[in-house]
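**Student:** If you use my numbering, the sequence shown corresponds to residues -10 to 610, in order.
Backbone N, C-alpha and C define an ideal beta-carbon position, used for all residues, glycine too.
Here it is: the structure, laid out below.
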Amino acid sequence: MSVPAPARGRRGRRVPEGPRASFRQLLPFLLEHKRTLVVVAVLSILGAGATLVQPLLVGQVITRVQQSVPLGALVWLLVGFVVLSSLISGYQHYLLQRTGTAVVYSSRRRLIARILRLPISEFDARRTGDLVSRVGTDTTLLYAVLTQGLADAVGSALILVGAIIAMAFIDPLLLGLIVVVIGASLATVVVLSTRIRVASAAQQEKVGELSAGVERAVGSIRTIRAAGATSRETAAVTETATEAYDAGVRIAKVSALIVPVAGIALQVSLLVVLGVGGFRVASGAIDVASLVTFVIFLFLLVQPLASAIGAITSVNQALGALGRIQEVLDLPLEDEGDRPGMSAAVPDAAAIAFREVRFRYPDHVVKAREAAAAEARSVLADVHLDSAEPPAETDREVLRGVSFDVPRGSRVALVGPSGAGKSTILSLIERFYDPTEGAILIDGVDARELSRDELRARFGYVEQDAPTLAGTIADNLRLASPAASDADCERVLRAVNLGDVLERNSLGVDAPVGEDGVMLSGGERQRLAIARALLAAPPVLLLDESTSSLDGVNEQRMREAIDAVATDRTLLVIAHRLSTVVDSDLIVVLQDGRVVGQGTHSELVASTPLYRDLAKHQLLV
């Protein structure tokens, strides 16, 4: 039977099958709990033994009744085995539930640790909600493997083998007929189960897209409401939910074909045993007690068959999710290949130096962003991409032979039109990406010779539209300075003119800021990000449009605060408002990824047409 082709969404988009996984990839998760699983296996053997003894004891009871022989302790022995098998089953169930929970926990822990260390390019190429879905939703299916799948399969396999052996001793002919029926049932299940794996992977992909869509809509709710796009956004997210539903229905349809298999196998087997077995009793080939014992073993045989079918279904559903989990776990880490240890700075070298740097974003990042932009344009007319300025085409270079120096202790500004590559330069300094060609020197050392942790410890980076973390003011400030005292936090907050934020809440620095900092204004969030960088007091400050949301008074206050801490530090600043950087020691003018001018404000006004035009438009000349 062929595997069905992936379905198509309501807009004709192909629904991805998602990454495949094999049972072998599930083993590392299970081997972490091998001691418990060994105990479960032992309990399964004991439970199977206690269960298999029961039909034999029933046969003995029937024989003694037929022969008018006293039962003695036989009945109590039978009751004892029934109770024992029940107790073993209960404790086994507890161990498996606990182990299943532990497997989910360990898989989530591994995923979280991996995700937070992935290269920035992976975050640029993936939707946040999809990654969150892999941690929260996909891992849950691993729980079902243990509690509903493999767990039952172990004990069921033992009972299955034991029942077959016992039935072979009672009547090989009847057993042969039963094996034919059961074999056909299992073959059907194996064929259908491949469809479940494909459908499960597609469903988990759609659940990931749904999480991403909901996160996007909720995070942009004000923009969506203001644009009158609520209905369109609702329709887009609902469409993804519908596609996830359709994938779930496909699983249900296949499962609906699998579930009756056990029932049909039992009914056909029972009819065969009663018909053929009755004839053999009448002919004297076997006695009544043997037939009754065989029938009981038949029921014991079909029950494990149903469990095995359930196990196959559960495992294939889990393997669909495991493929998505394993895809993340197999991604390379950002710091793989980093060289440990400190590299000595070169005396008198520039704090930062670019040498003929060229850069283009990886194709998978560009394609992902183009796809995201196309999808967003179908819902909102205005599409906002992140500040890293990705290229519109995969063959476009963002930086083209960029060279400039940032001397130690100097204030250097990067200016130019949007899309010139300014934010990309800061991304390269932070080693979110590495140059395609050329070199970036930090204190005279190639940045690629430094570990990312070592390199980033030298910089205080305030990105454009820097996010505010949910939690308290202190949580945000201590992100880079975990040992900072409340007094240190208050000092730096007042330095950036956030003293009123402290005073309007009795909790002070422990006041909550809300999800994404909704309890703060845009300017307050920006000042909080700058305060976080100032508190860390790094040798170099990288500021990407750090005062763009501030009014004139707060901008002046912010410049004074930065000047106060920058007397012995290096500043590299991106600015659109030239008034904030006219006093810089050096201004680097960028256009289309190239440096078109370097110098002071007065020098550039005289020598660089682009800068002169920018200055004229801002009434600075």
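When the Cα of Val451 is compared with those of Val529, Tyr422, Leu509, which residue comes out closest?
**Tutor:** Position 462 of the sequence shown, counted from the first residue, corresponds to residue 451. Of the listed residues, the one whose Cα sits closest to Val451 is Val529.
**Student:** Name the DSSP beta bridge partners of Tyr450, please?
**Tutor:** Numbered from its first residue, the sequence shown carries residue 450 at position 461. According to DSSP, Tyr450 bridges with Leu531.
**Student:** Who pairs with Arg400 in a beta bridge, going by DSSP?
**Tutor:** The residue you call residue 400 lines up with position 411 of the sequence shown. Leu560.
**Student:** Leaving out five residues before and five after Ala91 in sequence, what residues of the same chain have Cβ atoms less than 7 Å from its Cβ?
**Tutor:** By one-based count along the sequence shown, residue 91 stands at place 102. Closer than 7 Å at the Cβ level, and outside the excluded window around Ala91, lie His22.
**Student:** Taking the C-alpha atoms as reference points, what is the distance between Tyr83 and Gln43?
**Tutor:** As a position in the sequence shown, residue 83 is number 94, starting the count at 1. As a position in the sequence shown, residue 43 is number 54, starting the count at 1. Each residue's alpha carbon lies about 24 Å from the other.
**Student:** So Ala342 is in the beta strand (DSSP E); what residue range does that whole segment cover?
**Tutor:** Looking up residue 342 in the sequence shown gives position 353. Counting along the chain, the beta strand (DSSP E) containing Ala342 begins and ends at 341 to 348.
**Student:** Pull the bridge partners of Thr117 from the DSSP assignment, please.
**Tutor:** One-based indexing of the sequence shown puts residue 117 at position 128. For Thr117, which the question treats as bridged, DSSP gives no partner whatsoever.
**Student:** To the nearest angstrom, how far is the alpha carbon of Val170 from that of Val178?
**Tutor:** In the sequence shown, the residue the question calls residue 170 occupies position 181. In the sequence shown, the residue the question calls residue 178 occupies position 189. Whole-angstrom Cα-Cα distance: 13 Å.
**Student:** Val93 and Thr117 look like a contact to me (Cβ under 8 Å); what is the Cβ gap, rounded to whole Å?
**Tutor:** Translated into the one-based positions of the sequence shown, residue 93 becomes position 104. Translated into the one-based positions of the sequence shown, residue 117 becomes position 128. The Cβ separation is near 21 Å, so there is no contact.
**Student:** Looking at the unbroken alpha helix (DSSP H) that takes in Gln515, where does it start and where does it end?
**Tutor:** Counted from its first residue, the sequence shown places residue 515 at position 526. Looking at the DSSP string, the run of the alpha helix (DSSP H) that includes Gln515 is 511 to 525.
**Student:** What number of angstroms, rounded off, separates the C-alpha of Val187 from the C-alpha of Thr88?
**Tutor:** In the sequence shown, counting from the first residue as 1, residue 187 sits at position 198. In the sequence shown, counting from the first residue as 1, residue 88 sits at position 99. Roughly 27 Å separates the two Cα atoms.
**Student:** Span of the alpha helix (DSSP H) holding Arg97?
**Tutor:** Counted from its first residue, the sequence shown places residue 97 at position 108. It spans 63 to 104 - the alpha helix (DSSP H) in which Arg97 sits, taken as one unbroken run.
**Student:** When you compare the segment 34 to 52 with the segment 67 to 84, are there three or more beta-carbon pairs, one atom per stretch, that lie closer than 8 Å?
**Tutor:** Verdict: yes, contact present.
**Student:** Check the C-beta distance from Gly506 over to Thr457 and give it rounded, since I have them as a contact under 8 Å.
**Tutor:** For this step, residue 506 is matched to residue 517 along the sequence shown. For this step, residue 457 is matched to residue 468 along the sequence shown. 3 Å between Cβ atoms; contact.
**Student:** Excluding the 5 residues flanking Val196 on each side, which residues of the same chain have their C-beta closer than 7 Å to its C-beta?
**Tutor:** As a position in the sequence shown, residue 196 is number 207, starting the count at 1. If we look at Val196 and ignore the five residues flanking it on each side, its Cβ neighbours are Ser122, Thr126, Ala233.
**Student:** Which residue marks the beginning of the beta strand (DSSP E) containing Asp394, and which one marks its end?
**Tutor:** Along the sequence shown, one-based indexing puts residue 394 at 405. From DSSP, the beta strand (DSSP E) with Asp394 extends over 388 to 395.
**Student:** Let me check one thing: in DSSP terms, what residues is Ile314 bridge-paired to?
**Tutor:** As a working mapping, residue 314 is identified with position 325 in the sequence shown. Note: Ile314 sits in no beta bridge, so no partner.
**Student:** Decide if Arg106 is buried, meaning its Cβ has at least 16 other Cβ atoms within 10 Å, or exposed.
**Tutor:** As a working mapping, residue 106 is identified with position 117 in the sequence shown. By the 10 Å Cβ count, Arg106 comes out exposed.
**Student:** Could you tell me the boundaries of the alpha helix (DSSP H) in which Val578 lies?
**Tutor:** Along the sequence shown, one-based indexing puts residue 578 at 589. From DSSP, Val578 is part of no alpha helix (DSSP H) but of the beta strand (DSSP E) over 575 to 580.
**Student:** Answer yes or no: do Ala455 and Gln515 have a C-beta to C-beta separation smaller than 8 Å?
**Tutor:** The sequence position of residue 455 within the sequence shown is 466, counting from 1. The sequence position of residue 515 within the sequence shown is 526, counting from 1. Cβ atoms of Ala455 and Gln515: closer than 8 Å.
**Student:** Hey, out of Ser182, Phe348, Val265, Ser200, whose CA is closest to Ile240's CA?
**Tutor:** In the sequence shown, the residue the question calls residue 240 occupies position 251. Considering only alpha carbons, the answer is Ser182.
**Student:** Identify whether Pro379 lies in helix, strand or coil by the three-state DSSP scheme.
**Tutor:** In the sequence shown, counting from the first residue as 1, residue 379 sits at position 390. Legend: pLDDT at Pro379 = 46, less than 50; position of this residue unreliable, value from coordinates given subsequently. If DSSP states are grouped into helix, strand and coil, Pro379 belongs with coil.
**Student:** Pull up the distance between the alpha-carbon of Leu415 and that of Ser392, whole angstroms please.
**Tutor:** To locate residue 415, count along the sequence shown from 1; it is residue 426. To locate residue 392, count along the sequence shown from 1; it is residue 403. Taking the straight line joining both Cα atoms gives about 14 Å.
**Student:** Would Asp533 be called buried (16 or more neighbouring beta carbons within 10 Å of its own) or exposed?
**Tutor:** For the purposes of this step, residue 533 is taken as residue 544 along the sequence shown, with counting starting at 1. So Asp533 ends up on the buried side.
**Student:** For the alpha helix (DSSP H) holding Arg24, just list the boundary residues, first then last.
**Tutor:** Start at 1 with the first residue of the sequence shown, and residue 24 comes out as number 35. Taken as a continuous stretch (DSSP letters only), the alpha helix (DSSP H) holding Arg24 covers 23 to 55.
**Student:** Looking at the strands, I want to know which residues DSSP matches up with Leu430.
**Tutor:** By one-based count along the sequence shown, residue 430 stands at place 441. In DSSP, Leu430 forms a bridge with Ala342, Asp435.
**Student:** Thinking C-beta only, is Gln580 closer than 8 Å to Pro406?
**Tutor:** By 1-based counting over the sequence shown, the position of residue 406 is 417. By 1-based counting over the sequence shown, the position of residue 580 is 591. Yes, these two residues count as a Cβ contact at 8 Å.
**Student:** In angstroms with no decimal places, state the Cα-to-Cα distance between Arg344 and Leu417.
**Tutor:** In the sequence shown, counting from the first residue as 1, residue 344 sits at position 355. In the sequence shown, counting from the first residue as 1, residue 417 sits at position 428. Taking the straight line joining both Cα atoms gives about 12 Å.
**Student:** In whole angstroms, what separates the C-alpha of Ala102 from that of Val257?
**Tutor:** As a working note, residue 102 is residue 113 in the sequence shown. As a working note, residue 257 is residue 268 in the sequence shown. If you take the alpha carbons of Ala102 and Val257, they lie about 52 Å apart.
**Student:** Taking one C-beta from the segment 486 to 499 and one from the segment 419 to 437 each time, how about it: are there three or more such pairs within less than 8 Å?
**Tutor:** Taking 8 Å as the limit for Cβ pairs, the verdict is that the segment 419 to 437 does not touch the segment 486 to 499.
**Student:** Quick one: is Gln273 buried, meaning 16 or more other Cβ sit within 10 Å of its Cβ, or exposed?
**Tutor:** Position 284 of the sequence shown holds residue 273. Correcting the residue type first, residue 273 is Gly in the shown sequence and not Gln. So Gly273 counts as exposed.
**Student:** Reducing DSSP to helix, strand and coil, say where Gln587 ends up.
**Tutor:** As a working note, residue 587 is residue 598 in the sequence shown. Strand at Gln587.
**Student:** Taking the alpha-carbon of Trp65 as reference, which of Ser78, Thr52, Leu46 has the nearest alpha-carbon?
**Tutor:** As a working mapping, residue 65 is identified with position 76 in the sequence shown. If we check each option's Cα against that of Trp65, Leu46 comes out closest.
**Student:** What three-state label does DSSP hand Pro59 in the structure shown?
**Tutor:** Counting from 1 along the sequence shown, the entry for residue 59 is found at position 70. In this structure, Pro59 counts as coil in the three-state DSSP scheme.
**Student:** Less than 8 Å between CB atoms is the rule here; does Tyr350 satisfy it with respect to chain C?
**Tutor:** The structure shown contains no chain C; it holds only a single protein chain.
**Student:** Determine the direct distance from the alpha carbon of Ala360 to that of Ala370, and round the result to whole angstroms.
**Tutor:** The residue given as residue 370 occupies position 381 in the sequence shown. The residue given as residue 360 occupies position 371 in the sequence shown. Any reading at Ala370 is ruled out, since the residue's pLDDT is 47, under 50, leaving its predicted position unreliable.
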